[in-house]
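Participant: Got a structure here, written out as structure tokens. Questions coming.
Residue numbers (the numbering used here), protein chains in the order written: chain L, 605 to 739; chain P, 26 to 239.
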């Protein structure tokens with residue numbers, strides 16, 4: 605019943621608003637014809653210069669560049685070898701910090717770090733049981 | 026109040042025929058309102074569906090912060106949809122212009138500029154109906170179903186074919202123009218409504234996985 609009354613209400617509404625809707629559509633139609641005349645002449649001129657309206661605008665070009673960069677980044681992340689990605693398993697977060705400073709900075713620290721790693725058990729040691737602490 | 030008191034005895038004295046006529050008119054009016062209401066609902070659903078097409082390209086532009094203000098949002102949609110309006114209309118308008126030029130050349134050459142022949146052929150294409158009326162409560166109202174006064178006449182002559190082809194092409198161009206303008210107005214309307222919401226902070230949409238502007 606509510607739907608029926610709502611439909612009848614829409615009927616009243618369309619009777620009242622139809623002149624305004626027709627006027628609005630007429631204005632848009634006139635705008636469409638003006639746009640057509642203007643862009644038809646522009647497209648003829650663009651045709652002779654080798655360009656086209658179908659080319660992407662600046663915003664779409666920017667978007668495509670960003671999405672392309674994102675795709676390349678994602679592909680790079682996927683194609684990286686597995687060994688470089690730490691497999692933590694149940695030992696996350698790791699207790700020792702395997703931070704290696706960039707080459708050429710504080711050689712003593714690097715040597716010290718390497719010595720520490722030789723003494724400690726490796727995170728990739730398969731004989732290690734779950735739940736053991738890494739020191 | 027005095028007028029109502031004058032007409033009140035008339036209401037009591039309605040005969041069966043008048044009561045039937047009032048009933049039929051009420052049912053016809055209700056039917057017309059229902060039909061118009063269904064058309065309105067259909068048009069509103071088409072308008073909503075056409076309007077949501079802007080979400081397909083605007084969502085990424087807003088997400089990647091290429092468009093950052095409501096003004097930029099509205100002006101970009103307007104620019105892009107104006108281009109689309111031209112691309113959707115161009116062939117219909119080109120055909121219409123060519124048809125109009127051909128018709129003008131035909132009428133000037135073969136009919137010596139006599140446009141009345143074309144208008145008569147077009148006028149005779151449509152049937153003429155007459156509604157029987159009756160006077161009730163001082164008003165002239167419809168009393169029965171309409172009857173055909175003049176049936177349509179089809180002219181199987183060269184002038185007739187030319188007129189009918191021109192009419193069909195004009196009808197197709199007109200309907201195409203109305204359709205594209207309706208679609209254009211729906212998208213502009215949606216961009217106006219959504220442009221401020223797209224950049225506003227709304228806790229209602231937090232945590233959801235919905236694409237598109239609410």
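Yeah, the Cβ is synthetic: ideal placement off N, Cα and C, and Gly gets one too.
(1) Which residues, taken in chain order from the segment 206 to 229 of chain P, show a beta carbon closer than 8 Å to some beta carbon of chain L?
(2) Ignoring anything shorter than 3 residues or poking outside the segment 145 to 226 of chain P, list the beta strand (DSSP E) runs there in chain order.
(3) By the criterion of Cβ-Cβ separation under 7 Å, what are the contact partners of residue 101 of chain P in chain L?
(4) Step through the CB atoms of chain L and report whether any lies within less than 8 Å of the CB of residue 107 of chain P.
(5) Whole-angstrom Cβ separation of residue 79 of chain P and residue 216 of chain P, contact assumed at under 8 Å?
(6) Give the single residue among P:68, P:204, P:180, P:183 whose Cα lies nearest to the Cα of residue 109 of chain P.
(7) Examine the Cβ distances between the segment 179 to 187 of chain P and the segment 47 to 58 of chain P and report whether three or more of them are shorter than 8 Å.
(8) May I ask you to report which of helix, strand or coil DSSP gives residue 684 of chain L?
(9) Going along chain P in order, which residues have a C-beta closer than 8 Å to the C-beta of residue 628 of chain L?
(10) Please state the DSSP three-state secondary structure of residue 613 of chain L.
(11) Under 9 Å, CB to CB, which of the residues in the segment 53 to 71 of chain P have a partner in chain L?
(12) Quick one: which chain P residues come within Cβ less than 9 Å of residue 677 of chain L?
(13) Tell me whether residue 750 of chain L sits in a helix, a strand or coil according to DSSP, three-state version.
(14) Does the beta-carbon of residue 146 of chain P have 16 or more other beta-carbons within 10 angstroms, so that it is buried, or is it exposed?
(15) Mind checking residue 667 of chain L: buried by the 16 CB within 10 Å criterion, or exposed?
(16) Identify, in the order they occur along the chain, each residue of the same chain with its Cβ nearer than 8 Å to the Cβ of residue 86 of chain P, setting aside the five sequence neighbours on each side.
(17) On the criterion of 16 or more Cβ atoms from any shown chain inside 10 Å, does residue 549 of chain L qualify as buried, or is it exposed?
(18) Taking only the alpha-carbon atoms, compute the straight-line gap between residue 9 of chain P and residue 46 of chain P and give it to the nearest angstrom.
(19) The alpha helix (DSSP H) with residue 133 of chain P in it runs from where to where?
(20) Would you mind working out which of P:153, P:123, P:55, P:187 sits nearest residue 140 of chain P, comparing C-alpha positions?
(21) Please confirm whether residue 655 of chain L has its beta-carbon closer than 8 Å to some beta-carbon of chain P.
(22) Residue 611 of chain L and residue 59 of chain P - do their beta-carbons sit closer together than 8 Å?
(23) Taking only the alpha-carbon atoms, compute the straight-line gap between residue 176 of chain P and residue 98 of chain P and give it to the nearest angstrom.
(24) Let me make sure I understand the geometry here. Which of P:143, P:95, P:65, P:104 has the alpha-carbon closest to that of residue 192 of chain P?
(25) Consider the Cβ of residue 667 of chain L: report whether some Cβ of chain P lies at a distance smaller than 8 Å.
(26) So the candidates are L:647, L:676, L:661, L:632; which of them puts its Cα closest to the Cα of residue 213 of chain P?
(27) On a Cα-Cα basis, can you pick out the residue from P:106, P:160, P:75 that is closest to residue 661 of chain L?
(28) Residues of chain L with CB under 7 Å from residue 89 of chain P, in chain order?
Facilitator: So, from the data block:
(1) Correct list: 206, 207, 209, 210.
(2) 153 to 155, 158 to 161, 164 to 167, 172 to 175
(3) 663
(4) yes
(5) 6 Å
(6) Ranked by Cα distance from residue 109 of chain P, the first of P:68, P:204, P:180, P:183 is P:204.
(7) no
(8) DSSP places residue 684 of chain L in coil when its eight states are reduced to three.
(9) 210
(10) helix
(11) 55, 57, 58, 59, 60, 61, 62, 63, 64, 65, 66, 68, 69
(12) In chain order: nothing, as chain P lies at least about 14 Å away.
(13) One cannot answer for residue 750 of chain L here, as it falls past the ends of chain L, which runs 605 to 739.
(14) buried
(15) With 16 or more other Cβ atoms within 10 Å, it is buried.
(16) 92, 101
(17) As displayed, chain L neither begins before 605 nor continues past 739, which places residue 549 of chain L out of reach and without an answer.
(18) Because residue 9 of chain P is not part of the residues shown, which for chain P are 26 to 239, the question remains open.
(19) Residues 95 to 135.
(20) P:187
(21) no
(22) yes
(23) 54 Å
(24) P:143
(25) yes
(26) L:632
(27) P:106
(28) Against chain L, the beta carbon of residue 89 of chain P has neighbours under 7 Å at 667, 670, listed in chain order.
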